[in-house]
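Engineer: Numbering (UniProt numbering), first residue to last: 1 to 239.
For each residue, glycine too, the CB sits at the ideal point set by N, CA and C.
(1) How about the segment 213 to 232 and the segment 109 to 127: do they share at least three Cβ pairs that are nearer than 8 Å?
(2) Assign residue 168 to one of three DSSP states: helix, strand, or coil.
(3) Helix, strand or coil for residue 75 per DSSP?
(4) Since residue 232 is in the alpha helix (DSSP H), which residue starts that stretch and which ends it?
(5) Suppose the cutoff is 7 Å on Cβ atoms and the five residues either side in sequence are ignored; what does the same chain contact list for residue 58 look like?
(6) Count the CB pairs spanning the segment 163 to 177 and the segment 194 to 213 that are closer than 8 Å, and state whether there are at least three.
(7) Have a look at 51, 128, 148, 147 and flag the residue whose alpha-carbon is nearest the alpha-carbon of residue 163.
(8) So, are the CB atoms of residue 221 and residue 62 less than 7 Å apart?
The following block contains the structure:
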């Protein structure tokens with residue numbers, strides 16, 4: 001197609017961002033980050049319209065998708081409230097033993113290495129900034145000896161969302177607690193493992209994934225994610 005012909009295509013025919021999808025991603029991250037706690041009422045439709053500059057139709061579509069994902073529930077005449085995050089009933093993964101943890105990590109290797117490669121090609125500057133924020137939160141929490149599980153989960157879900165393929169984040173959300181399984185192990189399985197030290201190693205691996213995605217180097221992002229998940233499997237060795 002010639003440049004002259006391209007210039008004659010009306011603007012309405014050109015691809016525009018999916019506003020509802022972007023709003024779903026934004027609200028999902030705020031829920032995962034804890035900005036909206038379990039049981040808390042989300043802002044009204046009017047408030048969301050004003051904050052994000054979108055139509056009521058876009059807001060209603062986004063809230064419908066959040067409800068379908070099991071993140072919120074809408075009570076007619078009252079508002080929309082955040083639900084407790086749980087693994088979906090259709091995919092129950094038990095991660096209270098090392099054997100089961102390794103099984104989940106094998107699954108994640110296939111899923112998340114491809115997600116990292118696609119994210120490197122397709123991520124937006126806004127999505128990259130959210131990944132940076134998740135890693136900064138992870139580092140801050142780790143330094144304070146606080147739990148960084150939610151920040152860890154948020155980083156991985158952000159990568160999945162940056163693929164532009166809803167199947168990736170949907171699958172990770174279905175994994176629920178199995179996505180970051182270390183806190184699910186019972187005391188006997190954990191043994192004397194120091195998770196704070198392991199967290200520092202994982203932080204460096206996360207940084208390598210982030211930098212590859214920042215450079216939009218798909219091969220490096222895939223390799224960095226594979227290394228991270230392979231090392232995670234090694235860290236969960238049999239006692």
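Structural biologist: So, from the listed chains and residues:
(1) Using a C-beta cut-off of 8 Å, the segment 213 to 232 makes contact with the segment 109 to 127, since at least three inter-stretch Cβ pairs fall below that distance.
(2) Collapsing the DSSP output to three states places residue 168 in a helix.
(3) In the three-state scheme derived from DSSP, where H, G and I count as helix and E and B as strand, residue 75 is classed as strand.
(4) Looking at the DSSP string, the run of the alpha helix (DSSP H) that includes residue 232 is 218 to 235.
(5) Here the set comprises 19, 20, 23.
(6) Segments in contact, no.
(7) The candidate whose alpha carbon is nearest that of residue 163 is 128.
(8) In terms of Cβ geometry, residue 221 and residue 62 do not form a close pair [threshold 7 Å].
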